[in-house]
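Trainee: Would you mind keeping the following structure in view while I ask a few things?
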Amino acid sequence: LRPACLARHRLLQWRPAAGRTTFTASGEPSGLAEHDLQRVRNVMASALADSTTKTYGAGLLAFHAFCDERRLSEAQRAPASADVMQAFLASLAGMYAGTTLTNYFYGVRAWHLIHGLSWDMNEAATQTMFRAIERLAPASSRRKKRAPVTEEVISKIRQRLDTGQAMHAAVFACLT
Numbered sequence: 038l039r040p041a042c043l044a045r046h047r048l049l050q051w052r053p054a055a056g057r058t059t060f061t062a063s064g065e066p067s068g069l070a071e072h073d074l075q076r077v078r079n080v081m082a083s084a085l086a087d088s089t090t091k092t093y094g095a096g097l098l099a100f101h102a103f104c105d106e107r108r109l110s111e112a113q114r115a116p117a118s119a120d121v122m123q124a125f126l127a128s129l130a131g132m133y134a135g136t137t138l139t140n141y142f143y144g145v146r147a148w149h150l151i152h153g154l155s156w157d158m159n160e161a162a163t164q165t166m167f168r169a170i171e172r173l174a175p176a177s178s179r180r181k182k183r184a185p186v187t188e189e190v191i192s193k194i195r196q197r198l199d200t201g202q203a204m205h206a207a208v209f210a211c212l213t
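213 is the number that this note's numbering gives the last residue of the sequence shown; the numbers go up by one with no jumps.
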């Protein structure tokens, strides 16, 4: 169910025990072949940027590590209940940045959706949990405020660039 692979491939390659099948809920053939279902998964996964799939894949690993530690069955992992997801977030609260844990949550959600599993979370409870994990995030996960880049600073940088060179021109374009 969970072969060794790069984080960016986990959403597709890690398969839940339940999920899209070639049979209907009543056990009848759906008329769809496995390649049709794989195409659905691939198309759905293409909605995510590569950097997002890496982050979400890391979250999926953390989720399964949490489930392994608690000996949760495959049926308890997927589809995951609101209680399991809140316990997962609560177990990591105070150790990671709030945005990291929010991304982990959405990674598990994306995995469910890609594989055709239901995702039934209490939105109000989820938002409350997101606020809580943000408040509990360690100070080390927050960047200190920095002085803004002023026109004067940009001007000084411009003086040191040769905009006749493509790289220098690109750097200057990014600054303006």
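A virtual CB, placed ideally from N, CA and C, is assigned to each residue, including glycine.
Say whether chain B places a C-beta atom closer than 8 Å to the C-beta of Gly-68.
Mentor: In the structure shown, chain B cannot be found, because there is only a single protein chain.
Trainee: Based on Cα-Cα distance, which residue from Arg-52, Tyr-133 and Ala-41 lies nearest to Ser-177?
Mentor: Nearest of Arg-52, Tyr-133 and Ala-41 to Ser-177, Cα basis: Tyr-133.
Trainee: Please name the residue or residues paired with Pro-66 in a DSSP beta bridge.
Mentor: The partner list for Pro-66 (beta bridge, DSSP) reads Phe-60.
Trainee: Does the stretch 145-153 come into contact with the stretch 72-82, if we say contact requires no fewer than three beta-carbon pairs (one atom in each stretch) closer than 8 Å?
Mentor: They touch, by the three-pair rule.
Trainee: Is the number of C-beta pairs between the stretch 92-103 and the stretch 183-199 that are closer than 8 Å three or more?
Mentor: In short, these stretches do not touch, since the Cβ pair count stays below three.
Trainee: Taking all protein chains shown into account, do 16 or more other C-beta atoms lie within 10 angstroms of the C-beta of Phe-60, making it buried, or fewer, making it exposed?
Mentor: Classification of Phe-60: exposed, given that the 10 Å Cβ count is below 16.
Trainee: How would you write the range of the alpha helix (DSSP H) that Lys-193 sits in, first residue to last?
Mentor: Its alpha helix (DSSP H) spans residues 188-196.
Trainee: Could you say which of Leu-69, Pro-40, Glu-160 and Asp-87 lies nearest to Met-122 if we only look at CA atoms?
Mentor: Comparing Cα-Cα distances from Met-122 to each of Leu-69, Pro-40, Glu-160 and Asp-87, the minimum goes to Glu-160.
Trainee: What would DSSP say about Thr-137, mapped onto helix, strand or coil?
Mentor: In the structure shown, Thr-137 sits in a helix (DSSP, three-state: H, G or I).
Trainee: Below 8 Å, can you find three or more Cβ-Cβ pairs linking the stretch 106-121 to the stretch 63-72?
Mentor: Output reads no: the stretch 63-72 does not touch the stretch 106-121.
Trainee: Can you tell which of Leu-74, Ala-207, Gly-201 and Gln-164 has the C-alpha that lies nearest to the C-alpha of Gly-135?
Mentor: Considering only alpha carbons, the answer is Gln-164.
Trainee: Among Ala-102, Arg-146 and Leu-43, which residue has its Cα nearest to the Cα of Ser-128?
Mentor: It is Ala-102 whose Cα lies nearest to the Cα of Ser-128.
Trainee: Give a yes or no on whether the C-beta atoms belonging to Leu-38 and Ala-54 are separated by under 8 Å.
Mentor: In this structure, Ala-54 lies closer than 8 Å to Leu-38 by Cβ.
Trainee: Excluding the 5 residues flanking Gly-131 on each side, which residues of the same chain have their C-beta closer than 6 Å to its C-beta?
Mentor: Excluding positions up to five away in sequence, the list reads Leu-173.
Trainee: Along the chain, where does the alpha helix (DSSP H) containing Leu-126 start, and where does it finish?
Mentor: Leu-126 -> alpha helix (DSSP H) spans 119-129.
Trainee: Expressed to the nearest angstrom, what Euclidean distance is found between the alpha-carbon atoms of Ala-169 and Arg-183?
Mentor: If I take the Cα positions, the gap works out to 25 Å.
Trainee: In whole angstroms, what separates the C-alpha of Ala-84 from that of Pro-175?
Mentor: Answer to the nearest angstrom: the Cα atoms are 32 Å apart.
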